[in-house]
Structures are given as C-alpha cells and as structure tokens.
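**Student:** Here it is: the structure, laid out below.
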Amino acid sequence: MISKHKKNLLIGCLILFFDILLVGTVAAIPFQPTPDSPYENVQWGITSGDVYGWNFSAYDDSGILFSNYTVYLKINNTAKVRFFQTGNWYYAVQIRHMIYNQTTEEVNLHPHNLLLHNISLVNFTNNQMYTSQGGLGITLFIPKSSSTQLMIDWVADASLFQYNTYFDPTSPPSISTTTNSIRYYNNTSEEYVELYYDTRGALTSGEIFTKVPDPEGITQVITRIYGPPIGGGPPPGIPFGNYFLGIIPVCIVGLVVYSKRKIS
C-alpha cells in the first residue's frame, strides 16, 4: 500500500468580482429557513451590500515576494443551496463575478458571467463547513451564534476535514475567542493555516505556510485592506463604474493552497 504519495500545488485563482449597492444595511442576516435547535438563533454578521478587500502575498523561504494579489468582494445575498459535491443542503454566502478595468480603474459586472457563486457553506446536520462550492480557498466569512458571539469553535471543527486535505493537521485546531482566531497545524512538517476574524465574522488577516512546491516553505500572507464602515454604506475610495448606476464593482484574487492525493 502506498500512502502519502504525492502533493500537488493548487493555485486557487478564485478571480471573483462583486457588485456593491451604494447604501448597505446594518442589520445582520438571519439563517433562512431557520435551522433546527440549538442553531435557531444563528445569523450572518455580514450584510447584503457589504464590500471587503484583501491583499494576498506569497513569499519564499528567503522572504522574496513572488506572488501578490488584491481582492475586493461584495456580498450579494445569502441563501440555502444544494451543494453539488455532497448533494446536501447548505446555508451559504452568495457573491458575483466582476471585472476590473485597468484603463478606467473601475470595476463592473462581468458581461459574460452573471451567475451567483456560493462560499462559506454551512451544514449543521453534518457539522460541515466548506470554504466554497469549488472546495478550495480559505474561510472568508463565519456565522454567529447570536448578535455578539462568533461560532469560532464550531467553525474550527466543522472545517477541519477540508483543511486536512491541504496538509493533514496533526493536532486539533486551536481557537481564541479573544482574538477571534483559528489555527490548524501539522507538528511534523510545521505547516499551518492561521485565520483571524472581526466581530462581524469576516476575515481580517491570515497566514498559510506550506512546503509545496518549495520544501523550504512558502508563506502566504493575507491582509484585509477594506471593510464596511460602521453604520453601513459604501466604503470610501473605490471608483464607481459608469456601466451600472448605483453599483460599486470589485476585483478579486487567488490564494495559494495545496491538496494531498492519497494513493492506496
């Protein structure tokens, strides 16, 4: 039997783009339809119209930058959807593709891709959370068990199976409700994923260390550079596109992650 035979580098270029309404709402989004007890009060701290931006930078073991992306995302809506990979129903955050115009420095709705895309998929019955419908990437948004409490512990355990496909964490995920953080770690290879969230449940920063393709290690640093202001409304500083009135466009990124194929 051959196990742990091969690791493949997957460059998850999620080039996702979003359109954002000029005025956002400030109320959290409840899960609909209402989940069964004890999750009947669960909600999303994010709201329709929220826009977020992250910078993704990858460095080799010498600290040399070899990959750099900037991502802006808008929340279109939330919904309960059937996840094609499992056939089960999941609560999800829905986003749209947008396209960035370097000439005008504006973003607009992609004319050839008007579909909604599902990320942060939650299934309480199976205690599972997928990062996206494609199964790649990191968890950008996490739910709240109440108006004030993030579901850090539940998310850490429910997402473990997916991060396990990247580098097999050998220790249970560690969490901190003080810093709203989750950490997955492999004691043998010292590879890890470390994620931090704000009180809304949106990713603020993160770091991923892998040894593929460079056995000396690659570090992916994630920094949020944009988020919705308190009280709603569009963040300042993003140019408006003329193509869609009342909509702010946004560009997005790719994240270096990898999975391990097991051959037996």
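Heads up: the sequence shown begins at 1 in my numbering, then just goes up one per residue.
Even for Gly, the Cβ is constructed at its ideal location relative to N, Cα and C.
How long is the line joining the alpha carbons of Q94 and Q162, rounded to whole angstroms?
**Tutor:** The count along the sequence shown starts at 1 and reaches residue 94 at position 94. The count along the sequence shown starts at 1 and reaches residue 162 at position 162. If I take the Cα positions, the gap works out to 20 angstroms.
**Student:** Assuming I175 contacts I142 under a Cβ cut-off of 8 angstroms, what Cβ separation, rounded to an integer in Å, is found between them?
**Tutor:** Counting from 1 along the sequence shown, the entry for residue 175 is found at position 175. Counting from 1 along the sequence shown, the entry for residue 142 is found at position 142. Rounded, the Cβ-Cβ distance is 11 angstroms, inconsistent with contact.
**Student:** Give the straight-line distance between the Cα atoms of T28 and S62, rounded to the nearest whole angstrom.
**Tutor:** Here residue 28 refers to the residue found at position 28 of the sequence shown. Here residue 62 refers to the residue found at position 62 of the sequence shown. Inspection of the sequence shows that residue 28 is occupied by Ala rather than by Thr. If I take the Cα positions, the gap works out to 43 angstroms.
**Student:** Report the rounded CA-to-CA distance for W154 versus V51, giving the unit in angstroms.
**Tutor:** Locating residue 154 in the sequence shown gives position 154, where the first residue counts as 1. Locating residue 51 in the sequence shown gives position 51, where the first residue counts as 1. Cα-Cα distance, rounded: 25 angstroms.
**Student:** Starting from F167, follow the alpha helix (DSSP H) in both directions and report where the run begins and ends.
**Tutor:** Within the sequence shown, the letter at position 167 stands for residue 167. Unbroken alpha helix (DSSP H) run through F167: L160 to F167.
**Student:** Taking DSSP as the reference, what is the three-state secondary structure of A58?
**Tutor:** Numbered from 1 along the sequence shown, position 58 holds the residue referred to as residue 58. Strand.
**Student:** Which value, in whole angstroms, describes the spacing of the CA atoms of Y90 and F83?
**Tutor:** Here residue 90 corresponds to residue number 90 of the sequence shown, with the count starting at 1. Here residue 83 corresponds to residue number 83 of the sequence shown, with the count starting at 1. Those two C-alpha atoms are separated by around 6 angstroms.
**Student:** Can you find at least 3 beta carbon pairs, one from the region 64 to 72 and one from the region 170 to 186, that sit closer than 8 angstroms?
**Tutor:** Too few Cβ pairs lie closer than 8 angstroms, so no.
**Student:** Give the secondary structure of I152 by DSSP, where H, G and I count as helix, E and B as strand, and everything else as coil.
**Tutor:** As a position in the sequence shown, residue 152 is number 152, starting the count at 1. Looking at I152 - three-state DSSP - the assignment turns out to be helix.
**Student:** Between S37 and the rest of its own chain, which residues show a CB-CB distance below 8 angstroms, the 5 nearest in sequence each way excluded?
**Tutor:** The residue given as residue 37 occupies position 37 in the sequence shown. Correct list: empty, nothing qualifies.
**Student:** Counting pairs of Cβ atoms below 8 angstroms between the region 200 to 207 and the region 216 to 223, do you hit three or more?
**Tutor:** The answer is yes - the region 216 to 223 touches the region 200 to 207, with three or more Cβ pairs under 8 angstroms.
**Student:** What does L203 pair with, by DSSP beta-bridge criteria?
**Tutor:** Start at 1 with the first residue of the sequence shown, and residue 203 comes out as number 203. DSSP, once it has assigned bridges, lists Y197 as partnering L203.
**Student:** I need the boundaries of the beta strand (DSSP E) containing S132, first residue and last residue.
**Tutor:** Sequence index remark: in the sequence shown, residue 132 carries index 132 (1-based). That run of the beta strand (DSSP E) goes Q128 to S132.
**Student:** Could you give the C-beta distance for Y72 and G45, rounded to a whole number, given that I count them as a contact under 8 angstroms?
**Tutor:** Counting from 1 along the sequence shown, the entry for residue 72 is found at position 72. Counting from 1 along the sequence shown, the entry for residue 45 is found at position 45. Not a contact, Cβ separation roughly 19 angstroms.
**Student:** Would you mind sorting I75 into buried or exposed? The rule is 16 or more other CB atoms within 10 Å of its CB.
**Tutor:** Your numbering for residue 75 matches position 75 in the sequence shown. That one is buried.
**Student:** Compute the beta-carbon to beta-carbon distance between K144 and G201, rounded to the nearest angstrom, for a pair I have assumed lies under 8 angstroms.
**Tutor:** Translated into positions along the sequence shown, residue 144 becomes position 144. Translated into positions along the sequence shown, residue 201 becomes position 201. Rounded, the Cβ-Cβ distance is 6 angstroms, consistent with contact.
**Student:** Give every residue of the same chain whose Cβ lies closer than 8 angstroms to the Cβ of S189, excluding the five residues on either side of it in the sequence, and list them in chain order.
**Tutor:** As a first step, residue 189 is located in the sequence shown; it is residue number 189 there, counting from the start. Cβ neighbours of S189 beyond the five flanking positions: F167 and K211.
**Student:** In the DSSP assignment, what are the bridge partners of P30?
**Tutor:** The count along the sequence shown starts at 1 and reaches residue 30 at position 30. Bridge partners of P30: Q43.
**Student:** Taking C-beta to C-beta, are I119 and L195 nearer than 8 angstroms?
**Tutor:** Translated into the one-based positions of the sequence shown, residue 119 becomes position 119. Translated into the one-based positions of the sequence shown, residue 195 becomes position 195. Cβ atoms of I119 and L195: not closer than 8 angstroms.
**Student:** Span of the beta strand (DSSP E) holding T223?
**Tutor:** Sequence index remark: in the sequence shown, residue 223 carries index 223 (1-based). That run of the beta strand (DSSP E) goes I218 to Y226.
**Student:** If you follow the beta strand (DSSP E) that L140 is part of, which residue opens it and which one closes it?
**Tutor:** Within the sequence shown, the letter at position 140 stands for residue 140. Careful: L140 lies outside any beta strand (DSSP E) and carries neither H nor E.
**Student:** Is the separation between the beta-carbon of L150 and that of N187 shorter than 8 angstroms?
**Tutor:** Here residue 150 is taken as the residue at index 150 of the sequence shown, counted from 1. Here residue 187 is taken as the residue at index 187 of the sequence shown, counted from 1. No, they are not a contact pair.
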